[in-house]
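Input: a single structure, listed below in structure tokens.
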Amino acid sequence: DTAVSQTPKYLVTQMGNDKSIKCEQNLGHDTMYWYKQDSKKFLKIMFSYNNKELIINETVPNRFSPKSPDKAHLNLHINSLELGDSAVYFCASSQQGGYTQYFGPGTRLTVL
Amino acid sequence: AQTVTQSQPEMSVQEAETVTLSCTYDTSESDYYLFWYKQPPSRQMILVIRQEAYKQQNATENRFSVNFQKAAKSFSLKISDSQLGDAAMYFCAYRSPNRDDKIIFGKGTRLHILP
Chain A
573 DTAVSQTPKY LVTQMGNDKS IKCEQNLGHD TMYWYKQDSK KFLKIMFSYN NKELIINETV
633 PNRFSPKSPD KAHLNLHINS LELGDSAVYF CASSQQGGYT QYFGPGTRLT VL
Chain B
191 AQTVTQSQPE MSVQEAETVT LSCTYDTSES DYYLFWYKQP PSRQMILVIR QEAYKQQNAT
251 ENRFSVNFQK AAKSFSLKIS DSQLGDAAMY FCAYRSPNRD DKIIFGKGTR LHILP
């Protein structure tokens with residue numbers, strides 16, 4: 573009965589590789605988000621989708637591409653991984669008009 | 191642009207005692223939402239408490255309560271009867287009511303509970 577799930581929870585990869593992180597929510601929410609938490613624990617929004625429409629696209633390198641096949645899923649694809657991409661990536665969801673975001677367990681990405 | 195400031199990078203409290211975590215924010219909006227999230231070592235982000243700016247009454251959730259001072263743009267979290275399981279990073283967060291409804295987080299306060 574997991575509300576917001578992410579796979580994988582850990583991802584270790586080499587520089588230059590392409591990787592994806594998947595997110596799914598079973599809360600019936602229509603808005604989903606990706607956040608990045610850096611090594612100093614600072615959390616910052618990257619993207620948000622409402623009903624598969626991109627709403628927020630913060631200043632993120634275009635190597636990062638979110639994809640929302642339906643409103644229950646929001647995947648994050650990263651091309652040409654760099655050392656600075658190492659972080660914990662959180663998916664979250666909320667209901668449009670609601671004000672609470674529910675977070676997934678996070679994916680720790682390590683780029684070697 | 192909105193900002194959220196947590197001026198205490200770390201705090202410690204004796205088990206069973208009370209501790210208050212500070213948070214200030216800056217916004218030109220009159221309607222918004224404020225949150226405290228907890229992140230234990232498991233790294234899961236857990237909502238602790240939320241406050242709607244239009245409500246004058248301070249939110250309370252069991253041992254957790256807030257002191258919301260809208261004019262001062264202050265939103266502190268009080269934890270009563272601290273327990274070992276309260277040890278975590280605590281993030282103060284702000285959310286605009288607008289369609290792009292992103293949450294802006296403070297840098298966090300690491301809370302240690304001393305047995």
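Going down the list, the protein sequences come from chains A and B. Going from the first sequence to the numbering used here is simple: count from 1 and add 572. Going from the second sequence to the numbering used here is simple: count from 1 and add 190. For each residue, glycine too, the CB sits at the ideal point set by N, CA and C.
Residue i CB to nearest chain B CB: under 7 Å?
| i | result |
| --- | --- |
| residue 678/A | yes |
Near residue i, what residues of its chain come up, given a Cβ to Cβ distance below 7 Å and the 5 sequence neighbours on each side ignored?
| i | result |
| --- | --- |
| residue 588/A | 652 and 653 |
| residue 672/A | 666 |
| residue 610/A | 659 |
| residue 207/B | 272 |
| residue 642/A | 624 |
Considering only the beta carbon of each residue, do residue i and residue j sit closer than 7 Å?
| i | j | result |
| --- | --- | --- |
| residue 584/A | residue 679/A | no |
| residue 299/B | residue 237/B | no |
| residue 263/B | residue 227/B | no |
| residue 204/B | residue 304/B | yes |
Give every residue of the same chain whose Cβ lies closer than 6 Å to the Cβ of residue i, excluding the five residues on either side of it in the sequence, and list them in chain order.
| i | result |
| --- | --- |
| residue 575/A | 599 and 674 |
| residue 241/B | 224, 249, 256 and 258 |
| residue 294/B | 192, 194 and 284 |
| residue 607/A | 615, 617 and 662 |
Measuring only between beta-carbons, confirm whether residue i sits less than 7 Å from chain A.
| i | result |
| --- | --- |
| residue 293/B | yes |
| residue 275/B | no |
| residue 285/B | yes |
Give me the chain A residues within the contact set of residue i, using Cβ-Cβ distance strictly less than 8 Å, ordered along the chain.
| i | result |
| --- | --- |
| residue 297/B | 612, 613 and 614 |
| residue 234/B | 675, 677 and 678 |
| residue 201/B | What residue 201/B touches in chain A: nothing, since even the nearest Cβ is about 15 Å away. |
Below 8 Å on the Cβ atoms is my contact criterion, and I expect residue i with residue j to pass it. Report the Cβ-Cβ distance as a whole number of Å.
| i | j | result |
| --- | --- | --- |
| residue 596/A | residue 617/A | Not quite, the Cβ-Cβ distance comes to about 19 Å (not below 8 Å), so this is no contact. |
| residue 309/B | residue 284/B | There is simply no residue 309/B to check, as chain B begins at 191 and stops at 305 in what is shown. |
Along chain B, in chain order, which residues have C-beta atoms closer than 7 Å to that of residue i?
| i | result |
| --- | --- |
| residue 650/A | Within chain B, no residue comes near residue 650/A; the closest Cβ sits about 19 Å away, beyond 7 Å. |
| residue 636/A | Within chain B, no residue comes near residue 636/A; the closest Cβ sits about 16 Å away, beyond 7 Å. |
| residue 660/A | 233 |
Could you name the residues of chain A that residue i contacts, counting a contact when the two beta carbons are closer than 9 Å?
| i | result |
| --- | --- |
| residue 258/B | Within chain A, no residue comes near residue 258/B; the closest Cβ sits about 15 Å away, beyond 9 Å. |
| residue 223/B | 671 and 672 |
Show which residues of chain A have a CB atom less than 7 Å away from the CB atom of residue i.
| i | result |
| --- | --- |
| residue 237/B | 672 |
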